[in-house]
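S.K.: Can you read through this structure? Questions will come right after.
Next up, the structure:
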């Protein structure tokens with residue numbers, strides 16, 4: 016008799032809130048996976064745009080479980096509820112405005128199954144599409160395997176995109192989302208990296224839509240939760256003391272980035288100045304960075320002057336491109 020190795024069950028946790036126009040394609044992308052052994056848990060988080068009607072169409076599929084929340088709650092609480100409901104050995108996340116490419120689960124399960132026990136996560140780059148221009152590109156962030164906490168702390172472009180991962184359930188049982196924080200997103204992987212190894216699979220396996228209502232675009236909304244989670248990371252008993260400097264530099268870079276976004280997007284000099292100042296406090300060597308000095312000087316411009324500078328900058332950029 017030929018022995019057939021059982022395939023692990025993958026629990027896909029889909030978070031739905033007010034993305035009715037994209038929701039069906041997100042769900043259908045799970046139904047279309049080449050990997051067969053999955054369950055889909057849809058957390059409908061109190062949408063006000065009729066997303067419930069879209070979700071209800073899938074109630075007859077035994078592989079799909081629907082959880083309707085009457086009131087909109089923090090996404091972190093929603094995700095933890097999905098994890099508690101999950102039956103799979105592996106967990107994959109999906110947001111209602113994104114979708115999986117057909118081989119997402121198959122390729123990542125294949126890799127994770129073959130890895131030693133101390134590996135907890137497989138992650139990949141992702142494709143992005145601008146919903147207005149239809150332009151597509153690949154987002155490449157950290158590309159490290161093994162023990163990657165130091166690499167995560169020192170990478171200066173993108174974190175690991177939230178929906179590109181396949182995670183062992185035990186990782187998320189040990190490191191839950193912080194329910195007192197609105198959204199934790201990619202920063203959860205810093206905590207998981209305290210104990211578990213990661214494997215990078217260099218294949219884009221998801222499509223992420225860029226549009227005006229992306230929650231990730233709201234830097235004012237994301238700043239405080241991100242910094243709070245990083246503070247808690249540094250306070251964790253497992254956090255290596257030798258990486259304290261790396262963590263301080265990361266927080267400083269993020270504060271500097273938030274400061275520049277306050278200048279460029281909001282034309283808000285006082286807020287930008289406060290954030291740039293906090294960046295220097297977090298890591299004093301930032302004081303000698305030209306970007307810090309320029310940002311600090313620009314932050315003293317009155318609002319009309321800052322808007323004029325931003326408009327001029329936009330005009331120059333357009334002409335150069």
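Numbering (the working numbering), first residue to last: 16 to 336.
Just so it is clear, CB atoms sit at the ideal spot from N, CA and C, and this is done for glycine as well.
1) Rounded to the nearest angstrom, what separates residue 262 and residue 76 at their Cα positions?
2) List the DSSP bridge partners of residue 153.
3) Taking contact to mean at least 3 C-beta pairs separated by less than 8 Å, is the region 159-172 in contact with the region 184-191?
4) Rank 64, 267, 172, 217 by C-alpha distance to the C-alpha of residue 160 and give the top, closest one.
5) Indicate whether the contact test is met: 3 or more Cβ pairs, each with one atom in the region 131-138 and one in the region 45-55, closer than 8 Å.
6) Which residue comes first and which comes last in the beta strand (DSSP E) that contains residue 80?
7) Output yes or no for whether 7 Å exceeds the beta carbon distance between residue 174 and residue 108.
8) Which of the three DSSP states, helix, strand or coil, is assigned to residue 325?
9) May I have a chain-ordered list of the alpha helix (DSSP H) segments no shorter than 4 residues that lie completely inside the region 63-113?
10) Figure out for me which residue from 88, 224, 72, 60 has the closest Cα to the Cα of residue 194.
11) Taking the beta carbon of residue 250 as the centre, do at least 16 other beta carbons fall within 10 Å, making it buried, or is it exposed?
12) By how many angstroms is the C-alpha of residue 275 removed from the C-alpha of residue 18?
13) Rounded to a whole number of angstroms, what is the C-alpha to C-alpha distance between residue 69 and residue 156?
14) Along the alpha helix (DSSP H) that carries residue 221, what are the first and last residues, could you check?
15) Helix, strand or coil for residue 115 per DSSP?
16) What does the alpha-carbon distance come out to for the pair residue 258 and residue 210?
17) Count the other CB atoms, across all protein chains shown, that sit within 10 Å of the CB of residue 99; report buried if there are 16 or more and exposed otherwise.
18) What does the alpha-carbon distance come out to for the pair residue 122 and residue 139?
M.R.: The answer reads as follows:
1) Computed Cα separation, rounded: 45 Å.
2) Partner(s): 142.
3) Contact annotation: the region 159-172 does not touch the region 184-191, with fewer than three C-beta pairs closer than 8 Å.
4) Checked all of 64, 267, 172, 217; the closest Cα to residue 160 is 217.
5) Under the three-pair Cβ rule at 8 Å, the region 131-138 does not count as touching the region 45-55.
6) In the DSSP assignment, residue 80 falls within the unbroken beta strand (DSSP E) covering 79-84.
7) No; because the gap between Cβ atoms is not below 7 Å, this pair is not in contact.
8) In this structure, residue 325 counts as helix in the three-state DSSP scheme.
9) Counting only runs of 4 or more, we get 66-71, 90-100.
10) Nearest C-alpha to residue 194: 88.
11) Looking at its Cβ environment, which holds fewer than 16 other Cβ atoms inside 10 Å, residue 250 is exposed.
12) With a pLDDT of only 47 at residue 18, under the threshold of 50, the placement of this residue in the model should not be trusted, and no figure is reported.
13) Each residue's Cα considered, the two are about 33 Å apart.
14) Where residue 221 is concerned, there is no enclosing alpha helix (DSSP H), although the beta strand (DSSP E) it sits in stretches over 221-225.
15) Residue 115: strand per DSSP, three-state reduction.
16) So the two alpha carbons sit approximately 14 Å from each other.
17) By the 10 Å Cβ count, residue 99 comes out exposed.
18) C-alpha separation (whole angstroms): 10 Å.
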